[in-house]
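> First the structure, which I've put down as structure tokens, then a few questions once you've had a look.
Okay, structure coming up:
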């Protein structure tokens, strides 16, 4: 009996303190406070961040850019994941890299390229397993777009507010209660996100501007980092009625209760 009680106690403690961490950047300059948070959550100097450049058309240059940014802030170990397309051998290398990484960062480019690699179900599941094992995930631009289950591809008709005109595909889906858009204010992308949220009223729309990031804990507590704004769209259960929350650095939002935290 005591062994059974001990088992449930250990299970409760391990699950109670488990934490999912996600840092999503809207593109442009990567905010220093967002990268500092990524480094901290990845173990600082004793940690290791795995950089995935599959979205980029110039993968070595993409890696070098984020490597320089991170190295300027910390001596943390920075590892380049095998470049796409993966071979049978490089896939094994990548899976082994996942086992030791404490942080994972997806660079920008074309989000569809990332998900093309992740059509491999083993890789898709391996990333989810690490996320649920307290490995912090992050990305910028295309690396942010993949984080929602419904991923905006960038294709469609955007001069109307009509979600049926916006192409979406399956994303990595670490953020389950929202659709994410990036470069938001800079590139005036409100039409496509509002259209999608009106079409999917059960979800929030999170528009992250350039030089700005959102730090999400446990899929519900969101905090704005960086320089510009984050806009959150909520239908509040009433189709064709949108509430818009304008958030800036330091502001927090409860994604489950759909309200700003004061």
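In the numbering used here, the protein residues as written are 12 to 273.
C-beta: ideal position from N, C-alpha, C; glycine also.
Predicted model only: the values in this text are computed from it and were never measured.
Measure the alpha-carbon distance for residue 275 versus residue 219 and round it to whole angstroms.
Past the boundaries of the shown model lies residue 275; the chain is included only from 12 to 273, so the question cannot be answered.
> With respect to the beta strand (DSSP E) encompassing residue 162, which residues constitute its N-terminal and C-terminal limits?
Element bounds for residue 162: 161-167.
> Can you tell me which of the three DSSP states residue 273 falls into?
Residue 273 falls in the coil class under three-state DSSP.
> Looking at residue 162: is its Cβ nearer than 7 Å to the Cβ of residue 122?
Contact flag set, yes.
> Beta-carbon separation of residue 197 and residue 235 under 7 Å?
No, they are not a contact pair.
> For residue 223, list the residues DSSP reports as bridge partners.
Looking at the DSSP assignment, residue 223 forms a beta bridge with 237.
> Starting from the N-terminal side, write out each stretch of the alpha helix (DSSP H) that is 4 residues or longer and does not extend beyond the region 69-121.
Complete alpha helix (DSSP H) runs here, min 4: 70-82 and 99-111.
> Between the C-alpha atoms of residue 77 and residue 60, what's the straight-line distance to the nearest angstrom?
Straight-line Cα distance between these residues: approximately 11 Å.
> Looking at C-beta atoms only, is the number of pairs between the region 227-245 and the region 254-273 that lie closer than 8 Å three or more?
Flag = yes, the region 227-245 and the region 254-273 touch.
> May I have a chain-ordered list of the beta strand (DSSP E) segments no shorter than 3 residues that lie completely inside the region 168-208?
Counting whole runs of 3 or more residues, the region 168-208 contains the beta strand (DSSP E) stretches 177-181 and 189-192.
> Can you tell me which of 189, 106, 65 and 101 puts its alpha carbon nearest to the alpha carbon of residue 141?
Ranking 189, 106, 65 and 101 by Cα distance to residue 141 puts 106 first.
> Under the assumption that residue 118 contacts residue 73 (Cβ atoms under 8 Å), give the Cβ distance between them as a whole number of angstroms.
Confirmed, Cβ separation roughly 5 Å.
> Any chance the region 75-89 sits against the region 127-147, with 3 or more Cβ pairs inside 8 Å?
Result no; under three Cβ-Cβ pairs closer than 8 Å.
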